[in-house]
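As structure tokens, the structure follows; a few thoughts come after it.
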Amino acid sequence: MNNENNLRTFLRLIAWRIVARWITKEGPKMNMPSINIQIIITLNSMHKGKTMSVQPVEISKAYRLLQVGSTTMISAKYDGVENVMSAAWVGLAGERKVVAYIGTQAFTRQLVEKSGYFVVQIPVVSQMATVLYAGGRSYADAPDKNDTIPFFYQPEFDLPLVAGCAGWLVCKVMPYPDIQQQHNLFMGDIVAAWSDDRVFRNGHWIFDDAPDELRTVHYVAGGQFYAIGKGSKFDHGPGRLTLPGHADR
1 MNNENNLRTF LRLIAWRIVA RWITKEGPKM NMPSINIQII ITLNSMHKGK TMSVQPVEIS
61 KAYRLLQVGS TTMISAKYDG VENVMSAAWV GLAGERKVVA YIGTQAFTRQ LVEKSGYFVV
121 QIPVVSQMAT VLYAGGRSYA DAPDKNDTIP FFYQPEFDLP LVAGCAGWLV CKVMPYPDIQ
181 QQHNLFMGDI VAAWSDDRVF RNGHWIFDDA PDELRTVHYV AGGQFYAIGK GSKFDHGPGR
241 LTLPGHADR
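Residue 134 in full-length UniProt numbering sits at position 134 of the sequence shown; the count goes up by one each step and never skips.
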């Protein structure tokens, strides 16, 4: 059995090399760069003993394919009442525009609507329990929920920021009442932002230089988190990027 497996692996390797070389040489003439890459990836997976199987995904769970960006926490304050909630559906709609889904059941929503501001926090590995806690309890039912969540304030903004995060973005609500009411989406203009310079400095994430507990977290479902992985740096640019293992031609 071992000899048979070794033979199969050897044949896969030979096939992978032959086809990959042909694709690299002839593919550009046929104007099929995206297919080239897909075939090489598939062959490479075969070479490593892994067989890819494309499986259908239930529509009700398809959003999880996209839900691998940073999980966030949203905080707000109005008339002396402050609160924070966890939020997975938060993203960018431009360089200075944030879009956040805040459901009608969320107590934080009324603070956002009344104050006109919200803060997006980027939590890290060491705060996973806090993310679950903030997302699993409503201030409406448990007014003391924030007693164990450390807040701090920055000058000029009377808004609570959750201590220990990798970053904070203060957003001013943009007036799109129809979208807010029909789709629970709040558009915010970023008016201030701060970061922990151990993990975000000079406008760039530096995860590989930071402790693992400062990696951003990505919540999927059922208590399952993932932390962002290692970085890869490419010398990219027109005519400068080549496939691994293949020299420029």
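A virtual CB, placed ideally from N, CA and C, is assigned to each residue, including glycine.
The structure displayed is predicted, hence computed values, not measured ones.
Beta-carbon gap between Tyr-78 and Ser-115 smaller than 7 angstroms: As a working mapping, residue 78 is identified with position 78 in the sequence shown. As a working mapping, residue 115 is identified with position 115 in the sequence shown. Against a cut-off of 7 angstroms, the Cβ pair of Ser-115 and Tyr-78 comes out as a contact.
CB contact flag (Asn-146, Phe-107, <7 angstroms): To locate residue 146, count along the sequence shown from 1; it is residue 146. To locate residue 107, count along the sequence shown from 1; it is residue 107. Against a cut-off of 7 angstroms, the Cβ pair of Phe-107 and Asn-146 comes out as no contact.
Phe-234 in three-state terms, based on DSSP: Within the sequence shown, numbered from 1, the residue matching residue 234 stands at position 234. Looking at Phe-234 - three-state DSSP - the assignment turns out to be coil, as it is neither helix nor strand.
Pair within 7 angstroms by beta-carbon distance, residue 253 and Leu-159: In the structure as shown, the chain starts at 1 and stops at 249, and residue 253 therefore has no counterpart that could be examined.
Validate contact between the stretch 167 to 187 and the stretch 120 to 137 using beta carbons, cut 8 angstroms, 3 pairs: yes
Expected contact under 8 angstroms - CB spacing of Val-112 and Thr-216 to nearest Å: Translated into the one-based positions of the sequence shown, residue 112 becomes position 112. Translated into the one-based positions of the sequence shown, residue 216 becomes position 216. Val-112 to Thr-216, Cβ: 23 angstroms. No contact.
Spatial distance of Phe-234 from Arg-109 (CA atoms): The residue labelled residue 234 in the question sits at position 234 within the sequence shown. The residue labelled residue 109 in the question sits at position 109 within the sequence shown. Cα-Cα distance, rounded: 42 angstroms.
C-alpha distance - Gln-182 paired with Asp-209, whole-angstrom precision: In the sequence shown, residue 182 corresponds to position 182, counting from 1. In the sequence shown, residue 209 corresponds to position 209, counting from 1. Using only the alpha carbons, I get a separation of about 43 angstroms.
DSSP state of Leu-66 mapped onto helix, strand, coil: Reading the sequence shown from its first residue, position 66 is the one you call residue 66. DSSP places Leu-66 in coil when its eight states are reduced to three.
CB contact flag (Met-187, Val-90, <7 angstroms): Within the sequence shown, the letter at position 187 stands for residue 187. Within the sequence shown, the letter at position 90 stands for residue 90. The answer is no: Cβ separation not under 7 angstroms.
For Ala-93 and Ile-190, the rounded distance between their alpha carbons: The sequence position of residue 190 within the sequence shown is 190, counting from 1. The sequence position of residue 93 within the sequence shown is 93, counting from 1. Spanning the two alpha carbons is a distance of roughly 11 angstroms.
Whether Gly-164 touches Ser-86 by CB criterion (7 angstroms): Mapped onto the sequence shown, residue 164 falls at position 164. Mapped onto the sequence shown, residue 86 falls at position 86. Not a contact, by the Cβ cut-off of 7 angstroms.
Cross-strand partners of Val-124 (DSSP beta bridge): By 1-based counting over the sequence shown, the position of residue 124 is 124. DSSP output for Val-124 lists Thr-216 as bridge partner(s).
Per DSSP, the bridge partner or partners of Thr-72: As a working note, residue 72 is residue 72 in the sequence shown. DSSP, once it has assigned bridges, lists Ala-87 as partnering Thr-72.
Met-73 to Ser-126 span [Cα, whole Å]: The sequence position of residue 73 within the sequence shown is 73, counting from 1. The sequence position of residue 126 within the sequence shown is 126, counting from 1. Distance between the alpha carbons of Met-73 and Ser-126 is about 14 angstroms.
Assigned secondary structure, Gln-180 (DSSP; H/G/I helix, E/B strand, else coil): Counting from one through the sequence shown, the residue named residue 180 turns up at place 180. Reduced to three states, the DSSP call for Gln-180 is helix.
From Ile-206, Pro-211, Ile-102, Phe-152, residue whose alpha carbon lies closest to that of Gly-232: Against the sequence shown, residue 232 aligns to sequence position 232. Before going further, note that residue 232 is Ser rather than Gly in the sequence given. Closest by alpha carbon: Ile-206.
Member of Leu-66, Glu-95, Leu-65, Met-52 whose CA lies at the smallest distance from the CA of Gly-203: Counted from its first residue, the sequence shown places residue 203 at position 203. Of the candidates Leu-66, Glu-95, Leu-65, Met-52, the one whose C-alpha sits nearest the C-alpha of Gly-203 is Glu-95.
Backbone secondary structure at Gln-110 - three-state DSSP: By one-based count along the sequence shown, residue 110 stands at place 110. Three-state result, Gln-110: helix.
Start and end residues, beta strand (DSSP E) containing Cys-171: Position 171 of the sequence shown, counted from the start, is the residue given in the question as residue 171. Cys-171 -> beta strand (DSSP E) spans 167 to 173.
Rounded separation between residue 250 and Ile-59 - CA only: No answer is possible for residue 250: the residues shown for the chain start at 1 and end at 249.
Per DSSP, the bridge partner or partners of residue 273: The structure shown does not extend to residue 273, since the chain spans only 1 to 249, so no value can be given for it.
Same chain only: Cβ atoms within 8 angstroms of Ala-88, ignoring 5 sequence neighbours per side: Residue 88 sits at position 88 when you count from the first residue of the sequence shown. The residues are Gln-67, Thr-71, Thr-72, Tyr-219.
Endpoints, beta strand (DSSP E) assigned at Gly-188: Taking the sequence shown and counting its residues from 1, one reaches residue 188 at position 188. 185 to 195 is the extent of the beta strand (DSSP E) around Gly-188.
Cβ shell of Lys-97 (< 8 angstroms), same chain only, five flanking positions each side left out: Within the sequence shown, residue 97 is the residue found at index 97, counting from 1. Hits under 8 angstroms: Met-174, Met-187, Gly-188, Asp-189, Ile-190.
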